[in-house]
Amino acid sequence: MQAAAKPRKVACPGCGEMTEYSPTNAYRPFCSERCKLMDLGDWATEKFRIPDTTPPDLDETE
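Residue numbers are given in this note's numbering: position 13 of the sequence shown equals residue 18, and the series is strictly consecutive.
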């Protein structure tokens, strides 16, 4: 019989607290609902952005 695997611990992206990364943590990789919602708010207010390197379409300006 195999021994149960130790749960993997990761740092919460929001606060840095070590938290279990497993299906039992509904907020993974975050430690809590608060950290998850704060991260979502940062994306919603465009604090975090993925740059768009696509050149503008020349037909749009005509």
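Every residue gets a Cβ at the ideal spot worked out from N, C-alpha and C, and that includes glycine.
Open item on the list: I'd like to know whether the C-beta atoms of tyrosine 26 and proline 34 end up nearer to each other than 7 Å.
Closed with: Within the sequence shown, the letter at position 21 stands for residue 26. Within the sequence shown, the letter at position 29 stands for residue 34. A contact, by the Cβ cut-off of 7 Å.
Task: DSSP beta-bridge partners of threonine 24 - done: For the purposes of this step, residue 24 is taken as the residue at position 19 of the sequence shown. Note: threonine 24 sits in a beta bridge opposite Val15.
Open item on the list: Give me, in chain order, the residues of the same chain whose beta-carbon lies closer than 8 Å to that of threonine 75; leave out the 5 immediate sequence neighbours on both sides.
Closed with: Residue 75 is absent from the model: the chain starts at 6 and stops at 67.
Open item on the list: Rounded to whole angstroms, what is the Cα-Cα separation between cysteine 20 and arginine 54?
Closed with: Within the sequence shown, the letter at position 15 stands for residue 20. Within the sequence shown, the letter at position 49 stands for residue 54. Whole-angstrom Cα-Cα distance: 20 Å.
TODO: Measure from the C-beta of aspartate 62 to each C-beta in chain B and report whether the shortest distance is under 7 Å.
DONE: Although the question refers to chain B, the structure presented lacks it and comprises just one protein chain.
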